[in-house]
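Undergrad: Here's a structure for you.
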Amino acid sequence: MLGMNDSSTHGRTPGSTAGPRTAGRRTVLRTLALAGVLAGTTFSAPPPTAVAASEAPETYTLTIRHLDRAGHATGGYRTHVTGISGPGAREEAAPYDESGTVTVRLPKGRYLLDSTLYGPDPATGTDWVVQPRLDLNGDRTVTVDARTTAPVDVRPPESGARRLNGIGFVEVTHEGTTRSANILTAREGLRVAHLGPASEPGSVKEWFDTYWSGARADYALGYTFTSDRALTGLVRHPAADKLATMRIRGAAPEGAGGTGSVSVQPGAGPTIGLAQSLRLPATATVLVTPERGLWDVTFTGPAAPGTPPNRYEANGIAVHAGATTTHTFDNAVFGPALDTRPGARPAGVRDGDRIALDIPLLADGDGHVPSAPRFRTATTTLHRDGVLIGTRRGEPGRAEFTTTPGAASYRLTASATRGDGTASGGRVTASWTFTSAAAARPAALPLSTIRFAPDLALDGTAPAGTPLRVPVTVQGAATGTGVRSLTVSMSADDGTTWTRVPVRDGRAEFRTPASGRSVSLRAELTDTRGNTLTQTQRNAFRIR
């Protein structure tokens, strides 16, 4: 179990806006949580040094008494006092005296106090007392009493599930400044309590997340609260039909398995997440609480010699009670993918005489973009009115070129060969034609891509000699301008010969070839403005 005060949001002057830096906080929390679980010890992050004011403000004495569950004075505590507003807004203190009574002098202001009390035996549990509103306008005495706490009793529907870890996190906002405190626990037995007067309505936000491992599934149970007080106890025993199921599938071609990992965590607010290893190919099943909001999934593939592990992320996943979502990582068909979220950065941009391309060429079959794509070769070329402007080699789908201002016809071609050593890797080529001229402002290039999404096994294969209907999705410029024509072809001989196949209701239809062969796919698209795409994925997937 770990107790710590987060300092990433501190250091704002009174009246300023201080939002939590979630990404940084998550990194700190994950690191500390892992350390606590491995070592089985208790940690507390030291508060940052208080910033000295140019003129010494008026100070008052704050006396804090600590009582255990028997009502006796105890030296088993860690207490933090964090300034929120007023002259003491930038003050932090972690006073301690083994007698259980400690004093500290602080400037006038609004403070957040949180105290973790623990006994000599960790099995007896921990008490966390939070006072979100401590107005210091004179000498004061505060009593932190473990007898006021109530249990945090959150359990999954599987009785034999083992608790892995958990986090409680509170944020308090006053006069535009936010401060926070948290506790991370590796054991059951946490009790919590509010202390002191109520804060302003809606000024106190609190998260409680617990993570469990069971025989049938793993569980991520998270709850959020917005109020004028911290929680005193929490009881949640959700039934299975009140949870959402996430199936997370990690793929691996035959003979190229290994151990990967999957992490599931809420998309909003600080947390430590649920992480587990997977012997690939494999499927992890995680039941989550819909009331925690959107969820994020991170999949990390096996490390290859001399290269970093490949990481994929799927963020902002909406879930619903009783429903199942499936997320497959690192499986065919690998190919170009565009960020289709509103306001996303364009894959290609012309800025004056500069043309830049940044498109993931080797996204997996679900469109997840790898952090470190494995490739043997990658080339991007640009032609202007049929004349080669330049060739770039390096990371797949990333290149910059300098051209000339006038209007001209361009052909931009990007290709990459996957470097995982399997036939399913294949070669991806996308070639776009369009007309472009320099403009007063940067402008998106009219690029489109095609996504092929066949239903494949986790080794990236489809059965031989069976009818296959492959979903075909258009991304990019053509979704706005409209599609004038779209044809799809397939090859069963590594692209030596091609056969055009019908596309009905957004699906390409063909019969798979004999076992041991592979299927290559080609799409040719023209939008209503005359921009074209020719996209070829050789050895897109294998036949078993």
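Going letter by letter, the sequence shown gives residues 584 to 1127 in our numbering.
Even for Gly, the Cβ is constructed at its ideal location relative to N, Cα and C.
1. Measuring CA to CA, which of Leu719, Tyr993, Lys788 is closest to threonine 807?
2. Can the beta-carbon of valine 1071 be found less than 8 Å from the beta-carbon of alanine 1091?
3. Can you grab the Cα-Cα spacing for the pair lysine 691 / glutamate 783, in whole Å?
4. Check whether the Cβ atoms of alanine 839 and leucine 1041 sit closer than 8 Å, and answer yes or no.
5. Applying the criterion that 16 or more other CB atoms from any shown protein chain within 10 Å of the CB defines a buried residue, is valine 755 buried or exposed?
6. Measuring alpha carbon to alpha carbon, tell me which residue in Arg730, Glu674, Tyr694, Thr642 is nearest threonine 657.
7. So the beta strand (DSSP E) glycine 843 belongs to, where does it begin and stop?
8. Using a 10 Å radius around the Cβ and a threshold of 16 neighbouring Cβ atoms, would you call alanine 1020 buried or exposed?
9. Does DSSP put threonine 1064 in a helix, in a strand, or in coil?
10. For the pair the segment 956 to 972 and the segment 991 to 1004, tell me if three or more CB-CB distances fall below 8 Å.
11. Ordered along the chain, which non-local residues of its own chain (more than five positions away) have a Cβ less than 6 Å from that of alanine 1026?
12. Excluding sequence positions up to five away, which residues of its chain have a Cβ less than 6 Å from the Cβ of aspartate 697?
13. Can you round the beta-carbon distance between leucine 804 and valine 735 to whole angstroms, since I take them to be within the 8 Å contact cut?
14. Look up histidine 952 in the DSSP assignment and give the residues it is bridged to.
15. Quick check on the DSSP output: the beta strand (DSSP E) that includes lysine 825 runs from which residue to which?
16. Taking the C-alpha atoms as reference points, what is the distance between valine 845 and alanine 867?
17. For the segment 855 to 875 against the segment 888 to 895, do three or more pairs of beta-carbon atoms, one drawn from each stretch, fall closer than 8 Å, so that the two count as touching?
18. For arginine 1121, which of helix, strand or coil comes out of DSSP?
19. Report yes or no: do three or more beta-carbon pairs, one from the segment 893 to 912 and one from the segment 973 to 988, lie closer than 8 Å?
20. Locate the beta strand (DSSP E) running through glycine 910, then write down its first and last residues.
21. For lysine 825, which residues of its own chain have a beta-carbon under 6 Å away from its beta-carbon, when the five flanking residues on both sides are left out?
22. Am I right that arginine 774 and aspartate 710 are in contact with their C-beta atoms under 8 Å? What's the rounded C-beta distance?
23. If I measure Cβ to Cβ from histidine 820 and keep anything under 7 Å in the same chain, skipping five residues before and after, which residues do I get?
24. Going by alpha carbons, who is nearest to alanine 822 out of Val1084, Glu741, Thr1056, Ala677?
25. Who are the Cβ neighbours of glutamate 896 in its own chain at under 6 Å, not counting the five residues just before and after it?
26. Could you pull the DSSP bridge partners for alanine 999 from this structure?
27. For glycine 558 and leucine 1104, I'd like the C-alpha separation in whole angstroms.
28. Taking DSSP's pairing of strands, which residues face glutamate 983 in a bridge?
29. How many angstroms separate the CA atom of arginine 1112 from the CA atom of leucine 1028?
30. Using the beta-carbon count (16 or more within 10 Å), is serine 1101 buried or exposed?
31. Let me check understanding here. Comparing Cα to Cα, which of Pro670, Thr684, Asp1038, Ala930 lies closest to arginine 661?
32. Could you tell me the alpha carbon to alpha carbon distance between threonine 1095 and glycine 1002, rounded to whole angstroms?
33. Compare the C-alpha of serine 682 against each of Arg648, Gly749, Val847 and name the closest.
34. In angstroms with no decimal places, state the Cα-to-Cα distance between arginine 1125 and alanine 1045.
35. Could you check if glycine 708 is buried or exposed, using at least 16 other CB atoms within 10 Å of its CB as the buried criterion?
TA: By the coordinates alone:
1. Lys788
2. yes
3. 19 Å
4. Their beta carbons are not under 8 Å apart, which means alanine 839 does not touch leucine 1041 by this criterion.
5. buried
6. Scanning Arg730, Glu674, Tyr694, Thr642 for the CA closest to the CA of threonine 657 turns up Arg730.
7. 841 to 849
8. exposed
9. helix
10. Taking 8 Å as the limit for Cβ pairs, the verdict is that the segment 991 to 1004 does touch the segment 956 to 972.
11. Arg933
12. The residues are His663, Val713, Ala764.
13. No, leucine 804 and valine 735 are not in contact; Cβ-Cβ is about 11 Å, not under 8 Å.
14. Before going on, a small fix: residue 952 reads as valine here, not histidine. According to DSSP, which records beta bridges pairwise, valine 952 is partnered with nothing at all.
15. Looking at the DSSP string, lysine 825 is not in any beta strand (DSSP E), and its letter there is neither H nor E.
16. 8 Å
17. no
18. strand
19. no
20. Position check: residue 910 holds histidine in this sequence, whereas glycine was assumed. Taken as a continuous stretch (DSSP letters only), the beta strand (DSSP E) holding histidine 910 covers 907 to 912.
21. Around lysine 825: Ala904.
22. Confirmed, Cβ separation roughly 5 Å.
23. Arg738
24. Glu741
25. Contacts found: Thr881.
26. Ala961, Val1011
27. A question about residue 558 goes unanswered here, because the residues of the chain that appear run from 584 up to 1127.
28. Ala939
29. 13 Å
30. With 16 or more other Cβ atoms within 10 Å, it is buried.
31. The candidate whose alpha carbon is nearest that of arginine 661 is Thr684.
32. Rounded to whole angstroms, threonine 1095 to glycine 1002 spans 25 Å at the Cα level.
33. Answer by Cα proximity: Arg648.
34. If I take the Cα positions, the gap works out to 7 Å.
35. Buried is the call here.
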